[in-house]
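Asker:
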Amino acid sequence: MERKTALVTGACVNTGYAIAQKFIAENWNVVITGRDQARVDEAVAKLSKEKKDGFVMGYAISPTDKNGNVDEQSAEQMFVYLDEKNISIDALVLNAAHLGVGIKIFESPLSDFVNVLNVNTVWNYCLVEKCAIRMREKRDGSIIFINSNTAYRAIPDRIAYSASKGAQLGMMRALALDLGKYNIRVNAVLPGMIWTTRWDNDYEFYSNIPSAYTPLRDVARGSDIADGVWYFASSARNTTGAELTIDGGNTIQLYPLIPDNKIKP
Ligand SMILES: NC(=O)c1ccc[n+]([C@@H]2O[C@H](COP(=O)([O-])OP(=O)(O)OC[C@H]3O[C@@H](n4cnc5c(N)ncnc54)[C@H](OP(=O)(O)O)[C@@H]3O)[C@@H](O)[C@H]2O)c1
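For the sequence shown, the numbering used here begins at 416 and goes up steadily by one.
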């Protein structure tokens with residue numbers, strides 16, 4: 416069987432990197448993106464050490480141009496570049512996100528809100544359109560949004576982020592409906608807290624955020640999110656428009672349970 420290829424956005428570090436690792440472990444080819452060429456090259460070099468057959472490649476791309484508008488031309492160029500290399504994408508994983516931290520209703524300019532919406536919804540729509548038109552040719556494909564449980568439950572000073580993730584879910588369902596006839600499945604993974612380099616750098620702060628208090632007394636690692644992505648990419652043949660929450664049970668609580676023990680690295 417021909418080796419399949421996944422494209423994972425924002426995969427130089429953290430969750431995106433773990434998702435790329437999962438596809439490599441499952442013997443898929445992987446294309447990762449990031450905004451900075453040097454960081455992309457560094458991540459590709461590291462990931463290549465885990466790859467036995469097939470390829471890992473990187474592509475530096477920015478969601479927005481210097482005016483903050485979504486750069487549709489760059490997105491098209493990336494897919495044309497892949498076409499020229501005869502690389503066809505089987506799974507598109509939309510992981511990159513503007514976290515929109517600290518955007519406050521009375522203090523932040525409207526442009527801050529728009530930037531988050533642009534990166535998390537408009538750019539992703541743009542990538543989906545370019546990728547799905549190619550998936551339509553082969554009547555096969557899986558598109559996976561890395562969403563967030565903050566699409567449903569708000570946390571302070573993250574209005575734009577919550578709005579963007581909520582919009583992403585609406586978009587995910589509408590895309591699933593419109594693309595189903597081409598056998599393109601569109602689904603979303605909804606993480607709660609994920610252990611990232613931010614946790615490594617400030618364990619005290621992150622382990623004390625109430626979102627980290629979950630029924631399972633733990634937060635997700637990148638590999639947990641990657642397992643959910645892998646399910647949608649590989650075996651969920653009859654699943655589209657679905658949401659898979661991976662948050663240690665965080666969202667089902669009426670109030671956060673104060674843990675007896677702190678989460679361990
Ligand atoms: N971490 C969590 O606790 C958590 C919780 C729920 C959901 N999620 C979701 O899970 C996914 C991965 O989370 P993560 O914490 O692992 O992500 P992350 O490392 O903070 O960000 C992923 C990548 O997105 C790109 N990115 C960041 N800001 C950007 C911007 N303004 N414009 C364009 N690209 C930008 C960066 O890639 P480059 O700098 O290389 O371009 C970054 O490496 C995201 O979709 C996030 O919303 C995370």
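Positions of the beta carbon are idealized from the N, C-alpha and C atoms, including for glycine.
Remember, it's a predicted structure, so these values are computed and weren't measured experimentally.
Would you kindly work out how many angstroms separate the C-alpha atoms of Asp486 and Trp610, rounded to a whole number?
Answerer: Approximately 30 Å, taken between the alpha carbons.
Asker: Measuring alpha carbon to alpha carbon, tell me which residue in Leu669, Ile667 and Asp615 is nearest Ile678.
Answerer: Residue Asp615 is the option with its Cα nearest to Ile678.
Asker: Below 8 Å on the Cβ atoms is my contact criterion, and I expect Ala684 with Ala648 to pass it. Report the Cβ-Cβ distance as a whole number of Å.
Answerer: Examination of residue 684 is not possible in this model, given that the chain is present from 416 through 680 alone.
Asker: Starting from the N-terminal side, write out each stretch of the alpha helix (DSSP H) that is 4 residues or longer and does not extend beyond the stretch 466 to 521.
Answerer: DSSP runs (the alpha helix (DSSP H)) wholly in the stretch 466 to 521: 487 to 499.
Asker: Is it right to say Leu631 is buried, meaning 16 or more other beta carbons lie within 10 angstroms of its own, or is it exposed?
Answerer: Leu631 comes out exposed.
Asker: For Ala426, does the three-state DSSP call read helix, strand or coil?
Answerer: Coil at Ala426, not helix or strand.
Asker: Going by DSSP, which residues form a beta bridge with Ser557?
Answerer: Note: Ser557 sits in a beta bridge opposite Ala506 and Arg600.
Asker: DSSP puts Gly656 in a beta bridge; with which residues?
Answerer: BP columns for Gly656 are empty, so no partner.
Asker: Look up Ile673 in the DSSP assignment and say whether it is helix, strand or coil.
Answerer: The answer is coil: DSSP assigns Ile673 none of H, G, I, E or B.
Asker: For a quick check, are the C-beta atoms of Asn535 and Tyr576 less than 9 Å apart?
Answerer: In contact: Asn535 and Tyr576 (Cβ atoms closer than 9 Å).
Asker: What's the C-alpha gap between Glu552 and Gly595?
Answerer: Their Cα atoms are separated by approximately 13 Å.
Asker: Report yes or no: do three or more beta-carbon pairs, one from the stretch 560 to 568 and one from the stretch 500 to 516, lie closer than 8 Å?
Answerer: Yes: the two stretches touch, three or more of their Cβ pairs being nearer than 8 Å.
Asker: Could you work out which residue in Asn564, Val537, Ser579 and Gly469 is closest to Gly363 when comparing CA atoms only?
Answerer: As shown, the chain starts at 416 and ends at 680. That puts residue 363 outside it, with no answer to give.
Asker: What are the residues that DSSP puts in a beta bridge with Ala635?
Answerer: Its beta-bridge partners are Ile609.
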